[in-house]
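Working notes, beginning with the structure itself.
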Amino acid sequence: MICGHGSRDDHAIEEFNKLAGHLSRRLPQFDVESGFL
822 MICGHGSRDD HAIEEFNKLA GHLSRRLPQF DVESGFL
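So the sequence shown is residues 822 to 858, counted in the numbering used here.
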């Protein structure tokens, strides 16, 4: 589980989601989930 603090900035949210997607593809042996606090 990758937890982000959250942001009102759409660009920051997009970057966080890109990071989570990248890690999910790079680590296919793990169930990668992401969310915001």
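Cβ coordinates follow ideal geometry from the N, Cα and C atoms, glycine included.
Values in this document were obtained by computation on a predicted structure and should not be read as measured data.
Residue j beta carbon less than 8 angstroms from that of residue i
{"i": "Gly-825", "j": "Phe-857", "result": "yes"}
{"i": "Ser-855", "j": "Ile-823", "result": "yes"}
Which of helix, strand or coil DSSP assigns to residue i
{"i": "Ser-828", "result": "coil"}
{"i": "Phe-857", "result": "strand"}
Beta-carbon contacts of residue i that lie in its chain and below 6 angstroms, excluding the five residues immediately before and after
{"i": "Ser-845", "result": "Val-853"}
{"i": "Phe-837", "result": "Gly-825"}
Spatial neighbours of residue i in its chain, beta-carbon cut-off 7 angstroms, leaving aside the 5 residues before and after
{"i": "Gly-827", "result": "Phe-857 and Leu-858"}
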